[in-house]
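Heads up: the structure comes next, in C-alpha cells.
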Amino acid sequence: MRLSLLLLGLLAPSLILAADPCNPRYYPDGMVCVCDELWCDTIDPLTPTPNGIVQIFESDRDGNKRFVRRLQSFNGTEDPVGQVWNVILQPTTLHQEMLGIGGSFSDAAALNLGRLSPKMLRDAYTSFYGATGAEFALGRITISGSDFSTRPYSYDDVAEDIGLDSFGLVDEDLLFKIPQLKLAKELAAQPVKWYGSSWAPPAWMKTNGIVNGNGTLRDGPGSAIWESYSQYLVKFLDAYKAEGVDLWGMTVQNEPMTGFSETFPWNTCGFTAAMERDFIVQHLGPNLRSAGYNTPTNFSLMILDHDRVHVQNWTETILADPVSNEFVAGTGVHWYGSDSVPVSVYDEIVARFNKFVLLTEASMVFGEDPVGLGSWYLAETYMQDIASTTQHSVAGWTDWNLALNTSGGPTWAGVSERSAPIIVSDDATEFYKTPMYYALAHWSKFVVPGSRRIATVPVFPGTSDFRVTAFLRPDGSVAIVSYNMFEDDQVLNLTVPNKGTIKIRVGAKSFNSYLYY
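When you line the sequence shown up against our numbering, it's residues 9 to 525, in that order.
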C-alpha cells in the first residue's frame with residue numbers, strides 16, 4: 009500500500025490536466041462558463057494511469073467545480089464521511105453496447121452558432137465534439153423545417169410535384185448545418201454517427217394541407233403520395249452525401265402521434281404504428297435499399313421517435329412483423345411524459361427483438377424562464393435520465409438543440425422555447441456553457457461508442473438521488489458515472505475483483521466520472 013501511495017505521489021504532478029479553466033459568470037439560477045474571442049474552457053483528452061490508480065472528475069453546484077480532477081488509489085487509506093453506498097462491479101458480465109451521447113443540429117442551433125466568429129464557432133464545436141471537449145459521438149439532423157426553425161418550409165413546396173423535380177436543400181442546410189457538420193467532423197475525437205429526423209413532409213402531401221395540426225400522408229399505402237414522400241427522404245440522404253455528409257441512419261418520423269392533434273402548433277405528420285409499418289414495408293425500406301442505404305446492415309432505420317408510452321405498441325406492430333422487422337435497426341424514443349410507463353420496458357424490448365433502443369430527444373424548460381441560465385436542476389434531470397435509461401438497455405442518448413439564444417429560440421411556432429447546453433449571447437460576442445453541457449460531458453467523454461455496461465451488485469446501484477453506472481470501454485479501461493443530488497456528501501464504496509476496494513467522496517450536488525485502466 010505504501011508503494012502505491014508513493015507511486016501516486018510521484019505521478020500526480022505529471023498527470024494533472026492542463027485544461028483551460030472555466031471563466032465563470034453568475035446568474036440568479038447559477039453559474040455558467042463564458043467563452044469569447046479570447047477564452048474558452050477545455051477538458052483535456054483522457055490519459056492512461058498505472059494499474060490501481062483512479063482518475064476522478066468532479067463538477068458541482070456550490071463549489072463551482074467543472075471537471076476538476078484528482079487521483080486516488082485502490083486499497084488506500086481514504087475514509088470519507090457520509091452515507092455509504094456499497095457497489096461491487098462484475099466485469100465479466102456485460103450488457104448493451106453503447107452508441108454514444110450527442111446533440112441535435114436543428115436550424116435554430118446552426119443559426120445561433122453561425123452568428124459566432126470563426127474562432128468562436130470552432131471553439132463551440134471543439135467543446136461538443138473535440139478531444140479537448142465533450143467528445144460527442146452522435147448528431148441528430150432535422151430534415152427540413154421543425155419547430156426550431158424561423159419559418160415553416162420543406163425541400164419541395166411546389167404543390168403536386170410528385171416527381172420531386174423541384175426538390176432542393178435550402179440556405180439553412182447549405183450555409184449553416186452542412187458547413188457546421190463538416191467542421192464538427194473535422195474536429196471530432198472519434199467517428200460520429202449522424203442521423204436524420206423529419207418533422208413533416210411538404211404540406212401538399214398531407215391531408216390537412218399544412219405542416220402542423222391534425223394531418224397524415226394523403227391517399228394511403230401504395231399511393232403515389234406515399235411513394236413520393238419515401239423518395240423525398242432518400243433524396244435528402246443523397247443531397248447531404250453529395251455535400252460530404254454521410255448519414256448513419258434516420259428515424260421514419262418525429263413524434264408521429266402528434267399528427268393526430270387538431271391544435272398541435274408545429275411541424276408534424278400523423279402515423280399510427282400500422283401506418284408506419286406499411287410505409288416502411290411498401291415504400292421507404294425498399295427505396296432505401298435500392299439507393300444503397302442497406303438497412304439495417306450499413307444504415308440504421310429507426311421507428312417511433314416518440315415518447316415511451318408508445319413504445320410497446322410500436323415495437324409489437326413493427327418489430328414483431330417479420331417483414332418490417334427486416335428493415336429496422338432500432339427504436340428511437342423521447343423522454344417526455346415517461347413516468348406513466350416503467351423504464352424497464354426497454355429491457356423487455358431489447359431482450360425480445362435484439363435491436364437497439366436510442367433516446368433521440370430530450371429538452372428542458374426552466375419555469376417561466378425557458379433558458380434558466382446556470383440552473384443546476386436542469387442538468388440534474390439530464391443526469392437522472394441518462395443513468396436510468398442506460399441501466400435499462402438504452403444504447404445512447406441524444407439531446408435536442410445544441411445551442412439556442414438567450415430567449416430559448418428561435419422558433420417559428422412561438423410556444424416551444426427551451427434551454428440548451430450552449431446559449432449564444434444576443435450580440436454573439438459570447439456563448440455560455442450551461443450546467444447541462446457539463447452533465448452531458450460527464451457521460452459522453454467517458455462512455456464512448458463500443459463501451460459495454462458492466463453488471464453490478466446491487467443491480468441498480470443507488471436511488472433516483474444517487475446513482476452509479478459502470479462501463480467497460482473498448483480500450484479495456486473502466487468508466488463509472490455517478491451523481492449526487494443530496495445536499496451533503498455521500499461515499500461510494502467500490503469493490504472491483506482483482507483490484508480491491510476504494511472509498512470515494514462524492515460531493516454534495518455533484519456529477520462525477522471515474523476512470524481506471
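For every residue, glycine included, the Cβ atom is placed at its ideal position computed from N, Cα and C. All figures in this text were calculated on a predicted structure; none of them were measured in a lab.
Check your understanding: Under the DSSP definition of a beta bridge, which residues are partnered with His-314?
Key -> As a working note, residue 314 is residue 306 in the sequence shown. As a beta-bridge residue in DSSP terms, His-314 pairs with Val-341.
Review point. Who are the near neighbours of Ala-282 in its chain, counting only those whose CB is closer than 8 Å to its CB and skipping five residues on each side?
Key: Mapped onto the sequence shown, residue 282 falls at position 274. So the list reads Thr-325, once near-sequence residues are dropped.
Practice item. Rounded to whole angstroms, what's the CA-CA distance from Gly-386 to Ser-371? Just pull it up for me. Key: The count along the sequence shown starts at 1 and reaches residue 386 at position 378. The count along the sequence shown starts at 1 and reaches residue 371 at position 363. Per the sequence shown, residue 386 should be read as Leu rather than Gly. Going from the Cα of Leu-386 to the Cα of Ser-371 covers about 9 Å.
**Study point:** Coarse secondary structure for Gly-470, derived from DSSP in three states
**Key:** Here the question's residue 470 lines up with position 462 in the sequence shown. It is a strand residue.
Review point. Is it the case that the Cβ atoms of Leu-107 and Leu-523 are separated by a distance below 9 Å?
Key: Looking up residue 107 in the sequence shown gives position 99. Looking up residue 523 in the sequence shown gives position 515. Contact: no.
Check your understanding: At which residues does the beta strand (DSSP E) containing Trp-529 begin and terminate?
Key -> Nothing in the structure corresponds to residue 529, since the chain is present only between 9 and 525.
Check your understanding: Could you give the distance in angstroms between the alpha-carbon of Pro-304 and the alpha-carbon of Leu-327?
Key -> Locating residue 304 in the sequence shown gives position 296, counting from the first residue. Locating residue 327 in the sequence shown gives position 319, counting from the first residue. Here the C-alpha atom of Pro-304 lies approximately 13 Å from the C-alpha atom of Leu-327.
Exercise for review: Just mark Gln-91 as buried or exposed, buried being the case when its beta carbon has 16 or more other beta carbons within 10 Å.
Suggested key: To locate residue 91, count along the sequence shown from 1; it is residue 83. Of the residues assessed, Gln-91 falls on the exposed side of the cut-off, its CB having fewer than 16 other CB atoms within 10 angstroms.
Exercise for review: In angstroms with no decimal places, state the Cα-to-Cα distance between Val-317 and Ile-61.
Suggested key: Along the sequence shown, one-based indexing puts residue 317 at 309. Along the sequence shown, one-based indexing puts residue 61 at 53. One Cα belongs to Val-317, the other to Ile-61, and the distance between them is close to 43 Å.
Point to revise | Thr-55 versus Ala-478: straight-line alpha-carbon distance, rounded | key: As a working mapping, residue 55 is identified with position 47 in the sequence shown. As a working mapping, residue 478 is identified with position 470 in the sequence shown. Between the C-alpha atoms of Thr-55 and Ala-478 there is a straight-line separation of about 18 Å.
Review point. Does the Cβ-Cβ distance between Gly-228 and Ser-269 come in under 9 Å?
Key: Along the sequence shown, one-based indexing puts residue 228 at 220. Along the sequence shown, one-based indexing puts residue 269 at 261. No, the pair does not count as a contact, with Cβ atoms beyond the cut-off.
**Study point:** Unbroken alpha helix (DSSP H) run spanning Asp-355, endpoints
**Key:** Residue 355 sits at position 347 when you count from the first residue of the sequence shown. 353-361 is the extent of the alpha helix (DSSP H) around Asp-355.
**Study point:** Exposure of Ala-145, with buried meaning 16 or more beta-carbon neighbours within 10 Å
**Key:** Reading the sequence shown from its first residue, position 137 is the one you call residue 145. By the neighbour-count criterion, in which a residue is buried when 16 or more other Cβ atoms sit within 10 angstroms of its Cβ, Ala-145 is buried.
Review point. Is it right to say Tyr-440 is buried, meaning 16 or more other beta carbons lie within 10 angstroms of its own, or is it exposed?
Key: Translated into positions along the sequence shown, residue 440 becomes position 432. So Tyr-440 ends up on the buried side.
Exercise for review: With Met-391 as the anchor, note down where its alpha helix (DSSP H) starts and where it stops.
Suggested key: Residue 391 sits at position 383 when you count from the first residue of the sequence shown. From DSSP, the alpha helix (DSSP H) with Met-391 extends over 384-398.
Practice item. Flag this pair as yes or no: are the beta carbons of Thr-150 and Pro-418 separated by less than 9 Å? Key: As a first step, residue 150 is located in the sequence shown; it is residue number 142 there, counting from the start. As a first step, residue 418 is located in the sequence shown; it is residue number 410 there, counting from the start. Not closer than 9 Å, so no.
Point to revise | Which listed residue (Ser-459, Phe-279 and Ala-211) has its alpha carbon closest to that of Leu-480 | key: For the purposes of this step, residue 480 is taken as the residue at position 472 of the sequence shown. Looking at the Cα atoms, Ser-459 is the closest of the given residues.
Point to revise | Cβ-Cβ separation, Pro-29 to Met-39 (assumed contact under 8 Å), whole Å | key: Indexing the sequence shown from 1 puts residue 39 at position 31. Indexing the sequence shown from 1 puts residue 29 at position 21. Their Cβ separation, rounded to whole angstroms, is 13 Å, which puts Met-39 and Pro-29 out of contact at 8 Å.
Review point. Taking contact to mean at least 3 C-beta pairs separated by less than 8 Å, is the region 426-443 in contact with the region 397-417?
Key: These segments touch.
Practice item. Compute the Euclidean distance between the alpha carbons of Trp-384 and Arg-69, then round it to the nearest angstrom. Key: Position 376 of the sequence shown, counted from the start, is the residue given in the question as residue 384. Position 61 of the sequence shown, counted from the start, is the residue given in the question as residue 69. Per the coordinates, the alpha-carbon of Trp-384 lies some 6 Å from the alpha-carbon of Arg-69.
Point to revise | C-beta atoms of Tyr-203 and Gly-252 nearer than 9 Å | key: On the sequence shown, residue 203 is found 195 positions in, with the first residue counted as 1. On the sequence shown, residue 252 is found 244 positions in, with the first residue counted as 1. Not closer than 9 Å, so no.
Practice item. On a CA-only basis, which of Pro-350, Ile-357, Phe-136 and Lys-201 is nearest Asn-306? Give me that one, please. Key: The count along the sequence shown starts at 1 and reaches residue 306 at position 298. For the residues Pro-350, Ile-357, Phe-136 and Lys-201, the minimum Cα distance to Asn-306 belongs to Lys-201.
Point to revise | Supposed close pair Gln-261, Glu-284 - CB separation, criterion 8 Å | key: Against the sequence shown, residue 261 aligns to sequence position 253. Against the sequence shown, residue 284 aligns to sequence position 276. Confirmed, Cβ separation roughly 7 Å.
Exercise for review: Find the nearest neighbour of Gln-498 within the set Ser-231, Asp-393, Arg-475 and Val-486, judged by alpha-carbon distance.
Suggested key: The residue labelled residue 498 in the question sits at position 490 within the sequence shown. It is Arg-475.
Exercise for review: Compute the beta-carbon to beta-carbon distance between Thr-442 and Ser-427, rounded to the nearest angstrom, for a pair I have assumed lies under 8 Å.
Suggested key: One-based indexing of the sequence shown puts residue 442 at position 434. One-based indexing of the sequence shown puts residue 427 at position 419. Right, their Cβ atoms sit about 7 Å apart.
Check your understanding: Is the beta carbon of Phe-175 less than 9 Å from the beta carbon of Asp-181?
Key -> Here residue 175 is taken as the residue at index 167 of the sequence shown, counted from 1. Here residue 181 is taken as the residue at index 173 of the sequence shown, counted from 1. No, Cβ-Cβ distance for Phe-175 and Asp-181 is not below 9 Å.
Practice item. Output the distance between the C-alpha atoms of Pro-466 and Gln-399, rounded to the nearest integer angstrom. Key: Reading the sequence shown from its first residue, position 458 is the one you call residue 466. Reading the sequence shown from its first residue, position 391 is the one you call residue 399. About 12 Å.
Point to revise | Within the region 183-264, ranges of the alpha helix (DSSP H) (whole runs, at least 4 residues) | key: Listed in chain order, they are 186-195 and 232-250.
Point to revise | 4 or more residues per run - each alpha helix (DSSP H) lying fully within the region 118-175 | key: DSSP runs (the alpha helix (DSSP H)) wholly in the region 118-175: 126-137.
Review point. Is the distance from the Cβ of Ile-109 to the Cβ of Ile-394 below 9 Å?
Key: The sequence position of residue 109 within the sequence shown is 101, counting from 1. The sequence position of residue 394 within the sequence shown is 386, counting from 1. Annotated as proximal: Ile-109 and Ile-394, with beta-carbon spacing under 9 Å.
Review point. Nearest to Trp-93 by CA position, among His-314, Val-514, Leu-241 and Ile-311, is which residue?
Key: Taking the sequence shown and counting its residues from 1, one reaches residue 93 at position 85. Nearest C-alpha to Trp-93 among His-314, Val-514, Leu-241 and Ile-311: Val-514.
Point to revise | Exposed unless 16 or more other CB atoms sit within 10 angstroms - verdict on Lys-127 | key: Here the question's residue 127 lines up with position 119 in the sequence shown. Burial state of Lys-127 is exposed, judged by a 10 Å Cβ sphere holding fewer than 16 other Cβ atoms.
Review point. Which of the three DSSP states, helix, strand or coil, is assigned to Pro-53?
Key: Residue 53 sits at position 45 when you count from the first residue of the sequence shown. Here Pro-53 carries a coil assignment [DSSP, helix/strand/coil].
Check your understanding: Whose CA, out of Gly-111, Glu-86, Asn-302 and Gly-71, lies closest to the CA of Met-444?
Key -> The count along the sequence shown starts at 1 and reaches residue 444 at position 436. For Met-444, the closest of Gly-111, Glu-86, Asn-302 and Gly-71 by C-alpha to C-alpha distance is Gly-111.
Practice item. Give me the Cβ distance between Phe-75 and Ala-27, rounded to the nearest whole Å; I'm assuming they're in contact under 8 Å. Key: Position 67 of the sequence shown, counted from the first residue, corresponds to residue 75. Position 19 of the sequence shown, counted from the first residue, corresponds to residue 27. In this structure Phe-75 is in contact with Ala-27, their Cβ atoms being roughly 7 Å apart against a cut-off of 8 Å.
Exercise for review: Tell me, to the nearest whole angstrom, how far the beta carbon of Pro-160 is from that of Asn-72; I am working on the premise that it is less than 8 Å.
Suggested key: Here residue 160 corresponds to residue number 152 of the sequence shown, with the count starting at 1. Here residue 72 corresponds to residue number 64 of the sequence shown, with the count starting at 1. The Cβ separation is near 42 Å, so there is no contact.
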